[in-house]
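Read through the structure below, which is laid out as structure tokens, and then see the notes.
Number of protein chains: 4
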Amino acid sequence: MSIVEQNVSPSLEEFYADIEAANLPPLWKYLGGMITRQPVYDAVPFLWRWSEVYPRILQAGQVPIERGGERRVLILNNPGLSHLYTTTHNLYAGVQMVKPGEVAPAHRHTQSAIRFVIKGNGGYTAVEGERCYMEEYDLLLTPRWQWHDHGNQTTEPVIWMDGLDINLIRSLNASFFEPYPEQVRPSDKPDNNSLKTYGGGALRPAWQKPYNDSGSPLLIYKWAKTYEALQQLAQVDASPFDDVALTYTNPLTGGPVLPTISAWVQMLRPGVHTQAHRHTTSAVYHVIEGAGSTIINGQRFDWQKGDFLALPPWCWHEHLNTSSSPALLFSITDTPVLEAFGLYREEAYTDNGGHQPIVD
Amino acid sequence: MSIVEQNVSPSLEEFYADIEAANLPPLWKYLGGMITRQPVYDAVPFLWRWSEVYPRILQAGQVPIERGGERRVLILNNPGLSHLYTTTHNLYAGVQMVKPGEVAPAHRHTQSAIRFVIKGNGGYTAVEGERCYMEEYDLLLTPRWQWHDHGNQTTEPVIWMDGLDINLIRSLNASFFEPYPEQVRPSDKPDNNSLKTYGGGALRPAWQKPYNDSGSPLLIYKWAKTYEALQQLAQVDASPFDDVALTYTNPLTGGPVLPTISAWVQMLRPGVHTQAHRHTTSAVYHVIEGAGSTIINGQRFDWQKGDFLALPPWCWHEHLNTSSSPALLFSITDTPVLEAFGLYREEAYTDNGGHQPIVD
Amino acid sequence: MSIVEQNVSPSLEEFYADIEAANLPPLWKYLGGMITRQPVYDAVPFLWRWSEVYPRILQAGQVPIERGGERRVLILNNPGLSHLYTTTHNLYAGVQMVKPGEVAPAHRHTQSAIRFVIKGNGGYTAVEGERCYMEEYDLLLTPRWQWHDHGNQTTEPVIWMDGLDINLIRSLNASFFEPYPEQVRPSDKPDNNSLKTYGGGALRPAWQKPYNDSGSPLLIYKWAKTYEALQQLAQVDASPFDDVALTYTNPLTGGPVLPTISAWVQMLRPGVHTQAHRHTTSAVYHVIEGAGSTIINGQRFDWQKGDFLALPPWCWHEHLNTSSSPALLFSITDTPVLEAFGLYREEAYTDNGGHQPIVD
Amino acid sequence: MSIVEQNVSPSLEEFYADIEAANLPPLWKYLGGMITRQPVYDAVPFLWRWSEVYPRILQAGQVPIERGGERRVLILNNPGLSHLYTTTHNLYAGVQMVKPGEVAPAHRHTQSAIRFVIKGNGGYTAVEGERCYMEEYDLLLTPRWQWHDHGNQTTEPVIWMDGLDINLIRSLNASFFEPYPEQVRPSDKPDNNSLKTYGGGALRPAWQKPYNDSGSPLLIYKWAKTYEALQQLAQVDASPFDDVALTYTNPLTGGPVLPTISAWVQMLRPGVHTQAHRHTTSAVYHVIEGAGSTIINGQRFDWQKGDFLALPPWCWHEHLNTSSSPALLFSITDTPVLEAFGLYREEAYTDNGGHQPIVD
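Chains as they are written, first to last, in our numbering: chain A, 26 to 385; chain B, 26 to 385; chain C, 26 to 385; chain D, 26 to 385.
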């Protein structure tokens with residue numbers, strides 16, 4: 026059959042059947058669902074209460090940590106994306122426990138991770154063998170493709186929040202994983218080496234070149250300094266959308282702590298009611314201290330110490346602290362991912378003094 | 026019920042049912058599928074023959090270009106990802122036709138696009154109103170969020186390959202789209218303005234700052250210069266994996282033409298059989314001229330002028346040109362996406378002189 | 026003597042004598058000369074006529090090129106800075122001749138250099154052994170600390186303009202020089218290798234990383250392409266201060282050709298009279314073709330083909346072409362030096378339609 | 026006279042006279058002095074003793090601070106460069122005193138400055154009106170072209186070390202200076218605003234973009250944190266050439282505190298004798314605490330608390346602390362200047378266990 030013959034119009038119905046069968050479907054029929062006017066997301070705003078999480082992670086203590094399963098973690102699984110085991114489309118978060126005497130075995134992967142310590146002092150994460158000792162509310166990093174294991178030589182369980190880019194890496198088809206041949210990667214650096222080397226604020230070893238492509242060389246951010254910085258900033262400045270908010274930085278570059286994840290800490294002062302806005306980045310919040318509310322697309326979530334909250338992208342959101350004590354929130358976002366391609370957008374809610382109507 | 030009471034172990038089965046119901050599933054059961062040892066991908070290597078595509082895009086001429094459907098394009102739909110209407114997980118490609126006298130209406134979106142002209146001279150793409158006139162084998166760009174429409178004032182249809190980051194933007198939940206209120210955005214710049222401004226090779230207007238965050242300010246790369254550059258490079262250097270290969274660059278930065286898509290042109294010289302390698306980036310090839318073969322994970326694809334070939338990530342691949350004429354390939358890759366997060370990996374196939382065994 | 030005793034005021038005159046003797050002079054007496062309200066410069070605007078230069082460089086042919094003296098160059102020595110053998114405070118320029126059969130011996134230095142070919146075709150500069158063959162009006166580079174020698178195997182002398190950062194490097198106390206043990210560094214690359222590799226405009230070998238810290242990897246910019254780019258730009262845009270002006274770029278970065286020197290080519294179209302401005306950068310111009318005038322701080326310099334003109338920093342300047350043919354100027358500037366520290370400033374002359382009064 | 030006639034060789038002597046007169050001197054006669062084999066410098070290694078400086082800056086108190094003179098500063102004037110009123114070729118340092126009740130008037134200039142507090146608590150530097158209150162051993166910044174004045178509302182004189190790039194800016198012909206119309210620029214920000222905003226170490230306000238082209242947005246680095254960082258680093262690492270050394274950084278970029286000046290603090294532990302090296306950067310040291318020696322090109326300089334030491338570029342140097350207490354040194358260097366152009370070089374002294382012979 027020549028091209029000229031083929032070009033004789035078949036019935037349109039036959040034509041559509043033919044091109045679908047040839048793996049050549051018509052864009053004009055599907056474009057509206059492929060290139061949407063606004064971001065489309067399946068994740069839902071969701072609150073996990075500490076009162077629900079805490080007993081269950083304790084119960085999980087009956088399950089041993091073993092090679093293959095690797096870690097004792099309850100996934101904060103977004104109901105809208107539950108088959109993907111993720112918290113927002115780009116961010117995965119979970120709650121991990123290491124009991125006294127346990128070691129979670131050494132492995133490495135192309136996923137990057139943060140840990141935020143919820144409960145317990147004295148556990149450690151070893152990164153390339155270097156132990157970083159944890160205290161409550163410290164932030165720890167395990168950058169991409171670095172060996173890491175976790176241990177607890179104290180007499181109490183240690184519990185922390187994990188944050189990783191698991192679903193991003195999956196959607197990029199870029200997951201690599203390797204177990205270390207032993208349970209623990211031997212240590213060749215002193216304990217807390219990175220803290221002692223890079224923990225001095227705006228100072229770094231004079232002989233170091235300012236470069237590290239897998240994230241911050243500072244592997245642990247101590248709570249005492251973080252809290253002090255919040256107190257200082259509160260005296261001079263604040264954001265209308267987030268009140269007193271700091272982002273943890275890579276001291277060698279001023280950039281985010283990890284190439285794919287940004288970490289924030291914020292203080293909502295007593296009586297504060299922020300204005301609503303929305304942005305193309307998603308977030309997972311953890312309540313460090315205090316209580317308050319977040320209104321997401323008109324739905325009110327009342328949270329207190331220990332709770333977790335998922336914020337999908339492009340959702341209007343505002344925060345309230347109606348108590349008489351400050352509320353402290355830790356959060357992770359996927360801002361570096363959107364910014365890498367110029368896709369970060371932010372919009373302020375301007376009606377009604379910046380406050381959304383509550384949907385009952 | 027107190028925490029202590031809850032902490033009494035239920036049967037393990039009950040425990041698993043309880044945590045799943047609480048949106049707190051156990052990582053240790055799912056980790057193997059979430060953090061895989063090697064990239065997992067659903068895309069398949071696939072060849073679309075020009076002899077199959079060409080008559081169908083001509084037949085599609087019976088369907089008018091209308092607002093809503095926007096464009097007359099047949100999607101190169103990967104059978105492994107067919108419900109997503111994408112060619113690889115990050116890259117979408119299609120074949121578009123504009124008939125004499127038609128105008129594809131102006132719109133803009135957060136997706137970035139390239140066009141590679143397959144057939145016909147004299148069509149144009151207008152970017153922010155500036156018309157870039159096409160000749161065969163030219164590469165054109167429509168960067169993110171810039172108004173663009175396409176027209177054809179000649180007497181023959183114009184056909185080109187589209188390449189966009191549609192599925193990447195979808196998986197990042199970051200799609201914005203806006204139709205222009207008129208069919209055409211009025212022109213306020215001379216025709217071929219960007220070519221005349223930035224087309225001079227390693228020269229730019231002396232008063233311009235070297236910055237443009239949405240991609241190259243040069244919107245059209247003429248084939249005559251591209252072909253000459255291939256001929257020049259062939260005299261002095263070549264890659265063992267790709268023979269004589271050039272990447273189109275943003276002349277203001279030396280970086281990729283778009284933040285999410287890189288474009289290549291390569292010449293496989295007569296008799297060349299490259300060594301196999303694999304990388305974490307995917308690609309869509311189009312055969313400009315000549316004929317040859319690509320072996321992907323042991324499967325041989327014989328291609329000729331006009332064909333399209335999808336290469337999923339992390340697949341071994343090597344190229345052959347057994348003919349006596351050079352074969353010319355154009356391709357797009359998602360390399361900038363992987364490199365943005367340090368996830369680019371490449372591995373050479375070292376067994377058997379670098380050549381895969383053919384799987385029948 | 027205790028500090029208290031010393032603190033008894035001596036006579037002020039004695040005090041000043043004492044602190045000067047102690048190498049502790051008083052800032053308050055000298056500050057006005059150290060931190061001036063406007064840039065202070067000793068260079069003068071100056072014109073070297075080709076009719077003066079050309080016979081002298083020919084006469085210089087009687088002096089052989091020898092190790093130690095290294096090169097047959099007449100320095101364009103600024104009368105205001107003549108003891109420094111420099112053309113402006115940061116830029117040195119000279120006129121070099123290599124006669125048929127001669128070789129200027131291989132050496133390297135931390136100074137970076139450009140060459141602009143004034144007369145003769147077929148000479149070459151070898152950089153790290155790779156020969157770049159010159160034609161009239163080509164621009165060549167010899168980046169910092171790369172071995173280079175020059176030769177001429179034709180039957181006519183080859184004459185070019187040299188541009189280096191000699192006085193900048195001297196004022197930074199950072200000069201290193203090394204003669205090659207032989208007259209010529211052996212060649213291990215094909216002739217014109219960099220041109221064939223990087224000369225294709227906005228294309229580069231796909232396997233090359235976009236990085237080179239000593240300047241452009243493209244070592245020769247051919248006049249034919251440069252002239253075409255000027256013609257193209259003239260159709261769409263121009264600067265009010267410089268008319269049709271292009272800067273040569275490093276194709277791997279979009280930045281200047283060398284870390285310390287920027288190179289420009291500009292066309293003053295017939296009848297053009299640009300507006301005056303001034304900037305903190307200095308320049309050395311060479312007239313490629315045509316004739317015209319430049320007014321510097323009210324002083325008019327009429328120039329024609331082959332002439333050289335020094336422009337000190339922060340001098341008002343404007344260009345005229347009163348002829349009926351285009352005038353073409355090549356120039357070097359120290360813009361990258363000023364920009365490295367945020368010291369680039371530019372100011373437009375707004376009185377009198379942008380034109381300076383002429384001082385007789 | 027035709028060119029051919031001119032080309033008849035005159036006597037060589039006449040030729041040289043002729044080209045010198047024509048401002049076209051022969052490079053081959055002067056090249057050796059222009060492009061030297063190694064850096065040539067006129068600065069000398071030099072020590073200013075605190076016992077000499079302190080009484081004189083007190084005596085200078087008899088001279089009022091007045092507009093025009095602007096500041097009460099004794100210049101640390103290098104004897105080898107004394108006519109230039111500079112300490113090394115790129116770096117100027119001085120000792121400034123503000124007496125109780127005085128204000129040094131507001132001005133701005135393209136020179137960048139650091140201040141290191143030697144004596145007295147409670148003085149302030151106001152930058153763009155924002156007061157930064159000083160305590161002993163704090164480092165303060167006044168970036169390029171920002172209004173600044175200094176005051177002292179305490180009852181004791183405040184004395185600090187100034188460090189500026191005065192001679193670099195002069196050699197670049199890029200000095201601009203402007204007095205503020207009033208004695209003091211009015212304050213529109215809270216005291217210590219930058220400290221409270223950026224002083225939190227590896228944290229910054231979450232809404233701030235990481236960019237500032239004139240230097241660090243953190244204008245004061247408190248000694249308490251600096252000293253703690255030194256103590257921490259001492260536990261895990263040290264340089265063979267500088268022992269325990271930190272560089273102050275711009276927290277938004279990880280880069281130097283100012284575009285032209287880098288600041289260091291280092292601790293030489295008791296008994297340490299570093300290995301000698303040399304580099305193309307120069308430095309000015311100030312002894313914060315303790316006593317020790319530095320050997321420069323074989324000449325031994327014994328220093329103690331309060332002293333200043335100039336190190337010219339490319340001089341071998343090593344440090345000793347033979348006491349039983351740590352010695353603390355502050356220093357400024359011009360490293361960012363050299364690195365901007367790829368001119369930083371460093372060389373270790375390998376003979377004799379890394380130690381220079383002492384020249385008597």
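Backbone N, C-alpha and C define an ideal beta-carbon position, used for all residues, glycine too.
Is the CB-CB distance between residue i and residue j below 9 Å?
{"i": "B/G315", "j": "B/S356", "result": "no"}
{"i": "B/R140", "j": "B/Q121", "result": "yes"}
{"i": "D/G323", "j": "D/W339", "result": "no"}
{"i": "D/P125", "j": "D/T179", "result": "yes"}
{"i": "A/A335", "j": "D/S241", "result": "no"}
{"i": "B/D43", "j": "B/G105", "result": "no"}
{"i": "C/S307", "j": "C/L116", "result": "yes"}
{"i": "C/V261", "j": "B/T222", "result": "yes"}
{"i": "C/R133", "j": "C/E39", "result": "no"}
Using a Cβ-Cβ cut-off of 6 Å (strictly less than) and excluding sequence neighbours within five positions of residue i, which residues of its own chain qualify?
{"i": "D/V183", "result": "V123, G145, G148 and N177"}
Pull up the distance between the alpha-carbon of residue i and that of residue j, whole angstroms please.
{"i": "D/Q257", "j": "A/T251", "result": "18 Å"}
{"i": "D/R92", "j": "C/R62", "result": "14 Å"}
{"i": "B/N198", "j": "B/F326", "result": "34 Å"}
{"i": "A/R210", "j": "A/G154", "result": "5 Å"}
{"i": "D/V269", "j": "D/L99", "result": "30 Å"}
{"i": "B/Q329", "j": "B/I90", "result": "30 Å"}
{"i": "C/A151", "j": "C/H173", "result": "5 Å"}
Which of the three DSSP states is assigned to residue i in this structure?
{"i": "B/N218", "result": "helix"}
{"i": "B/K250", "result": "helix"}
{"i": "D/D268", "result": "strand"}
{"i": "B/D187", "result": "strand"}
{"i": "D/Y444", "result": "Any property of residue 444 of chain D remains undetermined from this structure, which presents chain D solely from 26 to 385."}
{"i": "A/T319", "result": "strand"}
{"i": "B/L164", "result": "strand"}
{"i": "D/S196", "result": "helix"}
{"i": "A/V309", "result": "strand"}
Where does residue i land, buried or exposed, given buried means 16+ other C-beta within 10 angstroms?
{"i": "A/L37", "result": "exposed"}
{"i": "B/N192", "result": "buried"}
{"i": "B/S137", "result": "buried"}
{"i": "D/P50", "result": "buried"}
{"i": "A/D359", "result": "buried"}
{"i": "D/E95", "result": "buried"}
{"i": "D/Q208", "result": "exposed"}
{"i": "D/R303", "result": "buried"}
Residues in the same chain with beta-carbon distance under 7 Å from residue i, minus the five sequence neighbours each way, listed in chain order, please.
{"i": "C/P382", "result": "G323"}
Within 8 Å: the Cβ of residue i and any heavy atom of the ligand COA?
{"i": "C/R370", "result": "Among the components of this structure there are no ligands whatsoever, and the ligand COA is therefore not found."}
I'd like to know if residue i contacts chain E, where contact means its C-beta is closer than 9 Å to some C-beta of that chain.
{"i": "D/T222", "result": "Considering every chain present, this structure includes no chain E. Its protein chains are A, B, C and D."}
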